[in-house]
Each structure stands twice: as structure tokens, then as C-alpha cells.
């Protein structure tokens, strides 16, 4: 079945440490790929997106994501986490030929001072 | 500033009552969406509308209804037929009908509905 998987429900990192949030998808063709961030009680904000070209994508707030076709993954990274990055992060895909966003179940990030 | 306004932020209702959630956008976007968010389940699509006076069911439309009489407005009614209505509801919009890579979703700040 087509799906988007975020295997980590919760992640805790210390401020200043590096971060990697995992996202895997199961679609035949490369879909459009997105990462969104949600602060508590708020809507979602787009961090970055990918469809083709350079497999390393830069986004806002110092985030980047790398597309790996062989692993069907689109992991989100940040070299040094700030306390304000504490939020929930959602990976989303739009399968080629459709316009329907499929969201993962989210990863909640906690940042320790 | 352009954006999506969802009101109210918190809504409480008794079981058996219908309730309507408001979503207004001043972004001049064609497409609008309603998502439901439950802990650990991500976002699930309830209804979407690509153009005024037209809308389609999403994955979990049962117990919900919508209208799109104006481009700016896409209200969602949670009916008494919805078995588990307590959730966080998010409205979103995008500039174009269909999907374009450079027109991702814009979200409102959500309405938390509690039904007791």
C-alpha cells in the first residue's frame, strides 16, 4: 500500500546538537516531497520541498533534506538545533500524477537546554 | 497580511449537535482543504474544493459536510453522524486548482473541537 512513514514518534536532542528526522515513502515513481513544521496549537508551515534536481534541498530556519531514491527516503537534517526548533515535524508526499497530499504521522522534537 | 483565518480557536459542543467551523482566506487561492488531526495519526483529508460551487470527498468525509459558495470561504460542518468528532481541524489552501509544485499548502492555525 502507498504510505509515508516517519518511524520516530518522539526525538529528544540537546540544544546545539545535530538532528536527523527520518521519512520513508512507498510509491513507484518519485513523488513530490515536503517537510512541514507545526508548533503546538498552530497550523503547519512549509520547511522545504523537492521534486527533481539536486538531491540536497535547503529550506528555512537552517534545515535541509536529502532525497535518496535507492532508499525511498527524504530525511530532514539540521547541524545545530535551537530551543525554538521544538515542534512536531511532518513529512508529506504528493504522488506523481495526483494532487493529493499524504502526510506522515509526525515526529515530535524536544530540545533540552 | 494575507492568510487563512480559522475561527473559533476552541469550540465545545454537546453530543448530538451539529457544529460549523469557519475558514476564510484572503490569499485569492482557488483550492481549499479541510484536514483532521488526531494524535499519532498525522493529517487526514476530509473534503477539498478546487473551485467555487464544487467540492470532493477526501478520505474521511463521513459525518462531515462543506460548502463553497465564495472563493474566500470554505466552512466545515461536523454533523451528529460523525462518531468521534473531538479533534484538531485544520483548513488549508493552495493557489491553483490541482497540484503545482510551486504552490504548496498554506495552513490556518486550526480549531480544536471538543464534543462531550
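Chains as they are written, first to last, in our numbering: chain A, 645 to 757; chain B, 43 to 158.
All C-beta atoms in this analysis are idealised placements derived from N, C-alpha and C, irrespective of residue type, glycine included.
All values derive from a computational prediction rather than experimental measurement.
- If you check each beta-carbon in the region 741-753 of chain A against every beta-carbon of chain B, the ones closer than 8 Å belong to 742, 743, 744, 745, 747, 748, 749, 750.
- A check of alpha carbon separations from residue 671 of chain A across A:691, A:738, A:708 identifies A:738 as the nearest.
- Just measuring C-alpha positions, the residue of B:109, B:78, B:106 sitting nearest residue 153 of chain B is B:78.
- With respect to residue 667 of chain A, residue 700 of chain A sits apart: the two C-beta atoms are not nearer than 8 Å.
- Comparing alpha carbon positions, the residue from A:691, A:748, A:730, A:735 closest to residue 755 of chain A is A:730.
- Within chain A, no C-beta atom comes less than 7 Å from the C-beta of residue 67 of chain B; the nearest is roughly 12 Å away.
- Between residue 91 of chain B and residue 108 of chain B, the gap from beta carbon to beta carbon is short of 8 Å.
- Using beta-carbon distances, residue 687 of chain A counts as an interface residue toward chain B, with a partner under 8 Å.
- When DSSP states are grouped into helix, strand and coil, residue 728 of chain A belongs to the helix group.
- When secondary structure is reduced to three states using DSSP, residue 59 of chain B falls in the coil class, being assigned neither helix nor strand.
- For the 8 Å CB-CB criterion, residue 690 of chain A and residue 146 of chain B form a contact.
- Under DSSP, residue 96 of chain B shares a beta bridge with B:93.
- Residue 718 of chain A counts as buried, since at least 16 other C-beta atoms from the protein chains shown sit within 10 angstroms of its C-beta.
- The DSSP-derived three-state label of residue 113 of chain B is coil.
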